[in-house]
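In what follows, a single structure is set out as structure tokens and then discussed.
Chains as they are written, first to last, in the numbering used here: chain A, 11 to 452; chain B, 11 to 452.
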């Protein structure tokens with residue numbers, strides 16, 4: 011474990027705009043064993059770029075299969091990133107004092123983005139690479155609305171249309187993110203809708219359905235294929251999404267030195283589809299693999315959807331209907347339906363193949379956190395650090411708190427980095443339910 | 011008008027933490043004529059520090075009457091400011107391109123604060139100065155909840171209790187900010203409540219009332235006085251609040267030089283109570299008064315509550331019941347009830363005496379903006395710059411857009427700074443109403 015001497019007063023490491031990363035980092039060439047390839051759902055042969063062109067533009071399909079270590083970030087993407095990036099790395103001094111830890115707690119705060127989460131790190135390049143290939147509009151699915159609003163923002167930035175199928179339960183019950191998507195100019199449909207064959211069939215078979223993410227995926231893909239001028243966009247899981255998120259960790263490496271830290275001793279990040287944690291962790295993991303650091307990485311997932319800690323490591327589909335390629339990943343089975351917890355971004359049956367691979371290799375650890383423990387951590391964080399974390403991020407905070415509370419002596423000191431993937435201002439009803447004692451422990 | 015050569019690529023001027031202002035700026039000693047004193051509501055004599063000690067701590071009462079140019083910001087306040095300050099000054103290049111202006115548009119973005127607006131610049135020092143004098147809890151009123159959540163956050167930061175009387179209409183109809191206050195640990199009451207004599211009388215006389223800000227003020231003051239261990243806190247209007255907000259403009263002065271600007275040619279800020287605009291403008295106005303710059307300042311207020319453009323400049327009370335000191339200000343009369351527009355933070359009958367004084371002296375201009383024009387500007391801003399502005403901030407954007415659209419040739423170029431006082435993620439229903447065409451023009 012390291013100690014710290016420099017920068018005793020610094021609270022917030024804020025990189026100048028000139029330090030914004032100019033390349034994304036792809037961990038594939040640095041892994042000790044190559045990850046298993048995606049497979050074509052029909053032939054079960056390794057997926058090719060051409061196989062993907064029906065729903066993705068060539069630029070993104072090539073990134074998905076790339077083995078290049080560094081990929082240039084196009085200037086128009088950097089121009090949009092500059093609105094909020096580099097994001098701050100903040101030392102949680104008030105939280106440290108409150109819990110009496112000898113650890114140094116830092117959080118990388120992605121909530122400064124236009125929509126309040128890390129999702130825009132990938133939505134912006136996805137919209138850009140579609141736009142330069144002449145795609146006029148993007149379709150996608152969204153649950154609570156984080157990804158949908160990120161893509162709506164990105165499409166507005168590049169003058170493209172955006173059509174979002176939002177799970178009916180969220181469309182009705184969580185209207186703020188729908189309003190955010192519409193403010194950015196997107197069209198939002200409650201899913202299942204009457205606009206697609208898949209939606210009409212679902213509505214006929216189950217008139218009372220409140221929808222599902224898997225259903226919304228099917229509608230968004232069907233619509234994109236049918237429109238001709240549209241492509242489909244996915245907000246996590248895939249390799250190119252993980253790579254886009256690497257800007258998080260690349261910035262953290264520079265920011266830790268501003269605090270005088272030689273390394274992060276432990277990194278905690280929440281993992282649903284996996285792109286948030288992988289984006290934070292992989293640039294730091296590269297330092298481990300090069301023998302320069304000894305950082306531990308812990309993926310925190312909800313007890314209600316424990317793909318890493320309870321799932322099997324095997325090929326599975328990314329969607330319920332089985333239309334997507336087969337991905338080698340930790341999965342609970344593509345028919346797994348998690349309990350309706352408030353961290354909607356973590357309710358996914360699988361896990362990014364690249365993150366799954368690093369867990370399988372023992373390079374990244376995993377831990378499950380209950381919902382109540384997560385919100386307890388979130389409320390303590392809000393009352394000390396002032397920022398209300400997204401329910402997803404609360405899982406990472408809970409993991410870090412349990413670690414930090416066990417460190418009280420100078421010898422046990424360590425630098426702990428928390429991936430604070432977003433703020434929770436549009437998730438306040440969940441906090442309200444927690445404060446009223448209305449959450450169960452799962 | 012100035013031109014710009016330097017920093018052609020910079021989007022976001024982000025000062026390092028070491029450039030955080032260490033002193034607040036008080037414009038009083040630099041004004042060409044001294045402002046009229048506040049008057050005691052009973053004797054109509056100039057208000058003294060002692061007169062204020064019933065509801066304010068001595069530290070803030072002294073600031074209210076101070077004629078010192080610079081007041082040190084205490085270290086514990088700086089420690090909390092550092093969580094989000096310095097805030098960025100961002101060049102709105104995408105918006106410039108969209109409207110085809112030759113002007114250079116900048117916005118000072120206060121939405122990065124924990125609650126998403128500038129209000130924490132004053133709530134933090136207010137909580138601090140109360141805490142060091144042994145005050146155990148603060149009471150305040152809030153309409154939509156911006157100020158209430160800012161004070162709730164600040165009280166949590168200094169381990170104090172916080173009790174907020176929220177206007178019943180907002181308490182019921184806009185629950186997210188109430189939930190935010192509760193997440194920070196505050197107690198929130200719907201006003202009028204059964205907890206105060208004033209509230210009980212109101213409920214008895216008007217059983218169907220949905221409350222008013224003036225009513226909530228009376229309840230918060232009555233409670234603070236009755237508790238003994240509590241004081242009352244106000245979020246705008248008064249001199250000490252205006253001074254706390256000067257960190258905004260002090261940072262802007264440094265950030266303009268990062269863009270190569272010699273001065274801001276025009277500054278637009280929304281004005282309700284006045285502290286947001288005054289905080290941005292006064293440090294720049296000081297440069298004018300010293301003969302170094304020729305900046306124009308425009309206060310944008312809603313057409314529905316036009317205190318600067320339609321009000322009289324006279325002594326008036328700050329509240330409906332007439333319990334507060336008499337303040338020399340532009341006022342529509344303390345019984346004026348504005349239409350229920352969505353920019354709740356601008357629905358105040360008066361205007362900060364210091365800002366009123368500068369308008370009266372011709373140092374600051376004023377313009378009224380209609381609600382529909384404000385939201386049109388806000389949606390255009392969201393779709394180009396990616397940030398959804400608070401409805402209040404939309405008024406400043408609308409003023410700046412009208413100015414910028416009239417500048418198309420290089421000769422008409424100018425640097426225009428917009429005070430973006432906060433984000434609008436908790437105000438999305440207002441955007442939704444606008445997009446649905448449900449807003450009237452007032």
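C-beta: ideal position from N, C-alpha, C; glycine also.
| Item | Value |
| --- | --- |
| Ignore the nearest five residues each way along the sequence and tell me which others in residue 22 of chain A's own chain have a CB closer than 8 Å to its CB. | 98, 99, 100 and 101 |
| From B:425, B:134 and B:393, pick the residue whose C-alpha is nearest to that of residue 250 of chain B; which is it? | B:134 |
| Should residue 189 of chain B be flagged as near chain A, meaning a C-beta pair shorter than 8 Å? | yes |
| Measuring only between beta-carbons, confirm whether residue 163 of chain A sits less than 8 Å from chain B. | yes |
| Please say whether residue 373 of chain B and residue 295 of chain B have beta carbons closer to each other than 8 Å? | yes |
| Taking the C-alpha atoms as reference points, what is the distance between residue 341 of chain A and residue 245 of chain A? | 18 Å |
| Out of B:316, B:323, B:394 and B:367, which one is the CA nearest neighbour of residue 107 of chain B? | B:394 |
| Would you kindly work out how many angstroms separate the C-alpha atoms of residue 238 of chain B and residue 388 of chain A, rounded to a whole number? | 33 Å |
| Could you tell me the alpha carbon to alpha carbon distance between residue 339 of chain B and residue 318 of chain B, rounded to whole angstroms? | 9 Å |
| Please return the same chain residues whose Cβ sits closer than 7 Å to the Cβ of residue 192 of chain B, not counting the five positions on each side in sequence. | 198 |
| Taking DSSP as the reference, what is the three-state secondary structure of residue 280 of chain A? | strand |
| 8 Å is my cut-off, CB to CB: does residue 395 of chain B come that close to chain A? | yes |
| In its own chain, which residues sit with a C-beta less than 8 Å from the C-beta of residue 15 of chain B, not counting the 5 before and 5 after it? | Any answer about residue 15 of chain B is weak, because its pLDDT of 46 lies below 50 and its placement is not dependable; what the coordinates show is given next. So the qualifying residues of the chain are 270. |
| Counting C-beta neighbours from all protein chains within 10 Å, is the total for residue 77 of chain B 16 or more, i.e. buried, or is it exposed? | exposed |
| Let's see if you can read the secondary structure: which residues bound the alpha helix (DSSP H) around residue 413 of chain A? | 401-415 |
| For residue 327 of chain A, report the span of its beta strand (DSSP E) as first-last. | 322-327 |
| Assign residue 139 of chain B to one of three DSSP states: helix, strand, or coil. | helix |
| Is the region 273-281 of chain B touching the region 152-161 of chain B, taking contact as three or more C-beta pairs under 8 Å? | no |
| In whole angstroms, what separates the C-alpha of residue 93 of chain A from that of residue 123 of chain A? | 8 Å |
| Closer than 8 Å is the cut-off here; do at least three beta carbon pairs connect the region 402-418 of chain A with the region 155-165 of chain B? | no |
| Touch check for the region 300-313 of chain A and the region 369-384 of chain A: three-plus C-beta pairs under 8 Å? | yes |
| With DSSP as the reference, label residue 345 of chain B as helix, strand or coil. | coil |
| Assuming residue 402 of chain B contacts residue 431 of chain B under a Cβ cut-off of 8 Å, what Cβ separation, rounded to an integer in Å, is found between them? | 6 Å |
| Who are the Cβ neighbours of residue 334 of chain A in its own chain at under 6 Å, not counting the five residues just before and after it? | 327 and 328 |
| Run down chain A in chain order and give the residues with a C-beta less than 7 Å from the C-beta of residue 24 of chain B. | 24, 26 and 27 |
| Chain A beta carbons: is any one of them nearer than 8 Å to that of residue 193 of chain B? | yes |
| State the beta-bridge partners of residue 199 of chain B as determined by DSSP. | B:175 |
| Which of the three DSSP states, helix, strand or coil, is assigned to residue 34 of chain A? | strand |
| Comparing alpha-carbon positions, which option in B:110, B:136 and B:178 lies nearest residue 417 of chain B? | B:110 |
| Please list the partners that residue 92 of chain A has in chain B, where partner means a Cβ-to-Cβ separation under 7 Å. | 21 and 22 |
| If you measure between the beta carbons of residue 37 of chain A and residue 337 of chain A, is that distance less than 8 Å? | no |
| To the nearest angstrom, report how far apart residue 62 of chain A and residue 321 of chain A are at their CA atoms. | 27 Å |
| Indicate whether at least one CB of chain A lies closer than 8 Å to the CB of residue 100 of chain B. | yes |
| Would you mind sorting residue 216 of chain B into buried or exposed? The rule is 16 or more other CB atoms within 10 Å of its CB. | exposed |
| Could you check if residue 241 of chain A is buried or exposed, using at least 16 other CB atoms within 10 Å of its CB as the buried criterion? | buried |
| Out of B:136, B:30 and B:450, which has the shortest C-alpha to C-alpha gap to residue 379 of chain B? | B:450 |
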